[in-house]
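According to the numbering used here, the sequence shown is numbered sequentially starting from 1.
Idealized CB from N, CA, C, for every residue including glycine.
Being a predicted model, the structure only gives us computed values, none of them experimental.
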Amino acid sequence: MASLSHSKLLPLLLVCAALCYLPSLSFPLLEGWDDPTYILDNAERLTPSLTNVQRFLEAPYFNNYHPVTMLSYMVDFSIGRTNAFVYRLQNLLWHLIACAGLYACLCRFGIGRSLSWFLALLWAVHPQRVESVVWVSERKDVLCGAFIFWALWCYTRQPARYTAAFLLFLLAILSKAMVVTFVGVLALMEWSKHDGRLGWQSVKRLLPYACLSVVMAAATVNAQGEAVRANVPLLRRLPAAVWNTVWYVCRTLVPTDLCPMYPRIDPHAAALLAVLIAPLCLGSAVTLWRLSRNPIRRHRCIQIVSGLLAYPTVLAPVCGLVPLAFIDRADRYSYLPSAVLLWLLGRLAQGAWESERVKAFRSRIPKQRLATGMGLAATVIAATLMWQTYLYARVWQSYTSVLYTAYLVDRPHPRVIGALAEALLEAKEGAAVWRLAGELEASDRPYLSSGQREAHEMKAAFLRAAVLEMDGELAGAALCLEDIDRRVRNGDTSTFLDPRRYCHMKAGIEMRLERFEQAIASYTQLLRRHPNDGPAYLGRGRAHHRLEQLELALADFLQAQALDPYSSQAAEGIRQAQVAMESVESGPARNAGAVPTKEP
Numbered sequence: 001m002a003s004l005s006h007s008k009l010l011p012l013l014l015v016c017a018a019l020c021y022l023p024s025l026s027f028p029l030l031e032g033w034d035d036p037t038y039i040l041d042n043a044e045r046l047t048p049s050l051t052n053v054q055r056f057l058e059a060p061y062f063n064n065y066h067p068v069t070m071l072s073y074m075v076d077f078s079i080g081r082t083n084a085f086v087y088r089l090q091n092l093l094w095h096l097i098a099c100a101g102l103y104a105c106l107c108r109f110g111i112g113r114s115l116s117w118f119l120a121l122l123w124a125v126h127p128q129r130v131e132s133v134v135w136v137s138e139r140k141d142v143l144c145g146a147f148i149f150w151a152l153w154c155y156t157r158q159p160a161r162y163t164a165a166f167l168l169f170l171l172a173i174l175s176k177a178m179v180v181t182f183v184g185v186l187a188l189m190e191w192s193k194h195d196g197r198l199g200w201q202s203v204k205r206l207l208p209y210a211c212l213s214v215v216m217a218a219a220t221v222n223a224q225g226e227a228v229r230a231n232v233p234l235l236r237r238l239p240a241a242v243w244n245t246v247w248y249v250c251r252t253l254v255p256t257d258l259c260p261m262y263p264r265i266d267p268h269a270a271a272l273l274a275v276l277i278a279p280l281c282l283g284s285a286v287t288l289w290r291l292s293r294n295p296i297r298r299h300r301c302i303q304i305v306s307g308l309l310a311y312p313t314v315l316a317p318v319c320g321l322v323p324l325a326f327i328d329r330a331d332r333y334s335y336l337p338s339a340v341l342l343w344l345l346g347r348l349a350q351g352a353w354e355s356e357r358v359k360a361f362r363s364r365i366p367k368q369r370l371a372t373g374m375g376l377a378a379t380v381i382a383a384t385l386m387w388q389t390y391l392y393a394r395v396w397q398s399y400t401s402v403l404y405t406a407y408l409v410d411r412p413h414p415r416v417i418g419a420l421a422e423a424l425l426e427a428k429e430g431a432a433v434w435r436l437a438g439e440l441e442a443s444d445r446p447y448l449s450s451g452q453r454e455a456h457e458m459k460a461a462f463l464r465a466a467v468l469e470m471d472g473e474l475a476g477a478a479l480c481l482e483d484i485d486r487r488v489r490n491g492d493t494s495t496f497l498d499p500r501r502y503c504h505m506k507a508g509i510e511m512r513l514e515r516f517e518q519a520i521a522s523y524t525q526l527l528r529r530h531p532n533d534g535p536a537y538l539g540r541g542r543a544h545h546r547l548e549q550l551e552l553a554l555a556d557f558l559q560a561q562a563l564d565p566y567s568s569q570a571a572e573g574i575r576q577a578q579v580a581m582e583s584v585e586s587g588p589a590r591n592a593g594a595v596p597t598k599e600p
């Protein structure tokens with residue numbers, strides 16, 4: 001392979017990378033998680049127009065400021081509306097561009113051509129890439145990867161192309177804010193290049209990247225809102241960061257037990273691991289410092305230190321130091337850090353290969369036999385990863401399949417249990433939903449607060465009510481909902497993933513039990529939070545109509561029609577309310593004109 005040119009190696013790399021993901025091009029979009037928010041229910045924003053382009057450039061969407069990602073969805077929408085093939089194809093194309101960029105960077109950073117090709121292939125077909133490539137909502141991963149790898153390549157060219165590098169860095173950071181830490185990688189590259197010094201010329205080159213990163217970091221914190229400002233103690237975050245860093249390294253080297261949503265970390269186990277790791281890190285730092293005092297080994301030590309620091313630098317935004325809402329780690333977060341880790345391993349492997357001891361050992365083995373053995377080992381490793389990636393990609397062919405896979409792990413995430421129960425509820429599998437509701441209620445995890453435990457208990461009651469309603473046991477369903485109401489102050493349902501569904505179900509059951517005044521109160525509670533909920537206006541209008549409050553009913557039906565001009569239900573409600581009002585108005589007139597008769 002060493003004799004092959006880049007023009008032959010690169011197409012071979014891209015073909016091998018594409019083979020793993022080609023079957024996923026036929027998968028539909030997921031009915032849950034983020035696909036509806038980004039694509040399926042987002043036709044208004046994805047319709048190509050200057051107004052929508054300006055909207056994505058000016059404001060965050062879905063707690064993220066990533067205008068380049070949203071504009072790429074707009075391109076897909078203009079081509080195929082909600083055709084999943086178009087979105088998945090673009091995801092795959094950007095991943096292949098990222099593969100080519102990583103291969104170019106590895107070659108640029110001094111790693112041999114064959115080893116660079118093998119490392120790029122391992123990264124491209126690694127099972128942890130599935131989530132970023134196959135899940136359309138993670139378009140931001142493949143976009144920022146493609147841009148940042150080519151930005152690094154331009155930055156390290158001789159002569160360097162700083163303008164192109166900065167523009168690519170800008171596109172990467174506007175695709176996913178995680179790239180803000182790559183300014184630290186650039187600083188480490190400058191520091192290593194100048195033998196442990198960071199001169200004024202290097203600072204001037206880094207200054208535009210640093211300013212852009214600071215601005216983007218501030219915008220991201222503002223867009224994320226309470227998710228990153230959560231009051232999580234530092235003593236809780238530091239052990240979690242150590243645990244996650246070790247976990248990401250281990251999963252990159254041995255990708256087993258992959259899962260779409262991993263269980264939360266046990267804080268006690270994370271603290272124990274942090275205590276065990278601390279002396280090892282301290283000892284390694286002291287050893288490298290002593291070796292760096294030797295002028296002969298100084299340059300080598302600086303390169304090793306820069307590589308060791310680059311990995312946690314890239315991983316910093318997602319390792320747990322910054323709160324990540326309800327998850328601690330995910331395969332998609334390894335998209336960029338794993339490339340840095342493989343680069344570091346490549347440098348260490350090449351250094352060992354060129355050492356005198358290894359050269360002496362290699363000299364005893366015939367070159368042909370050595371090349372054959374290494375080629376066979378590389379083929380087995382690559383083929384194993386490709387097969388594992390192909391199988392894991394099939395998990396993402398449906399929302400239910402994704403949830404089942406996440407549920408089958410030991411002590412699954414409570415949110416997975418709840419989401420799977422709701423998916424099975426849509427499929428009318430009442431017995432399975434009832435069982436999952438019991439598991440959710442009993443899911444006592446060390447990391448859960450008392451409020452989170454109560455939220456899971458309320459969600460379990462909601463699921464039981466839905467099953468009872470489905471079976472026609474309305475009285476039992478109403479009792480479950482009353483139990484929720486007793487737990488929630490002032491009718492607050494913010495603990496639910498979808499409070500609108502809870503309020504609609506509660507009001508619907510009250511309507512079927514002919515508790516019209518309670519139904520009106522439930523719909524009114526919902527409309528305070530969601531004033532543009534057309535079905536709520538329809539339901540409240542029907543309740544008003546049953547109570548013969550015709551003017552209020554007509555007002556609700558008119559509001560529902562204003563929100564959805566094509567709603568046949570709103571039009572029918574308006575017609576019936578108007579007919580009833582005319583009947584009431586004409587009733588006294590008919591009675592006034594009638595001839596009185598004597599009682600028999």
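Only residues of its own chain outside the window of five on either side were considered, and among them C319, G320, D328 and R329 have a CB closer than 7 Å to the CB of N244, listed in chain order. Cβ contact annotation for D141 (same chain, cutoff 7 Å, sequence separation greater than five): S132, K176, R332 and Y335, in chain order. If you draw a straight line from the Cα of D257 to the Cα of R293, it is about 43 Å long. Inter-residue distance for S192 and G184 is about 12 Å (C-alpha atoms, whole angstroms). Contact between the stretch 35-47 and the stretch 72-86 is established, with three or more Cβ pairs separated by less than 8 Å. Per the DSSP secondary-structure output, N42 pairs with nothing in a beta bridge.
P127 counts as buried, since at least 16 other C-beta atoms from the protein chains shown sit within 10 angstroms of its C-beta. With a beta-carbon spacing of about 17 Å, C503 and L479 fall beyond the 8 Å limit used to define contacts. For Y61, the three-state secondary structure derived from DSSP is strand. Judged by beta-carbon spacing, D556 lies within the 8 Å limit of H544, meaning their Cβ atoms are closer than that value. Membership of E548 in any alpha helix (DSSP H) is not indicated, and neither H nor E is assigned to it by DSSP.
Look at Y311 here: in three-state DSSP terms it is helix. With a contact defined as Cβ atoms closer than 8 Å, L463 and V433 qualify at about 6 Å.
With fewer than 16 other CB atoms across the displayed protein chains lying within 10 angstroms of its CB, E572 is exposed. Close CB contacts of L550 within its chain, under the 6 Å cut and outside five residues either way in sequence, are with A577, A580 and M581 (chain order). Looking at the backbone, the Cα of L468 and that of G476 are separated by about 6 Å. L474 has its alpha-carbon roughly 58 Å from the corresponding atom of F169. DSSP, reduced to helix, strand and coil, places E429 outside both helices and strands of the structure shown, so it counts as coil. For G508, the enclosing alpha helix (DSSP H) stretches over residues P499 to R512.
Around F77, the same chain offers L46 as residues with beta carbons nearer than 6 Å, after the five sequence neighbours per side are excluded. G472 has its alpha-carbon roughly 15 Å from the corresponding atom of E514. Residue range K367 to A393 is occupied by the alpha helix (DSSP H) that includes G375.
In this chain, I327 is not harboured by any alpha helix (DSSP H), its DSSP state being neither H nor E. Taken in chain order, the whole alpha helix (DSSP H) runs of length 4 or more contained in the stretch 193-255 are 200-224 and 234-253. DSSP places P28 outside any alpha helix (DSSP H), giving it a letter other than H or E.
In this structure the stretch 105-112 lies against the stretch 338-346, because at least three pairs of beta carbons, one per stretch, are closer than 8 Å. Closest in C-alpha terms to G351, from the list L115, S583, M374 and R529, comes L115. Nearest to G541 by alpha-carbon distance, out of Y61, T372 and A570, is A570.
With fewer than 16 other Cβ atoms from the protein chains shown falling within 10 Å of its own Cβ, K204 counts as exposed. Y399 is positioned such that its CB atom lies closer than 8 Å to that of A423.
Going by C-alpha positions, M511 is about 19 Å away from R528. Restricting attention to P446, R445, K428 and R415, the CA atom closest to the CA of A460 is found in R415. Leaving aside the five residues that flank L342 on each side, the residues in its chain whose CB is nearer than 7 Å to its CB run, in chain order, L119, L122 and W123. Nearest in C-alpha terms to G101, of all of L376, S522 and V340, is V340.
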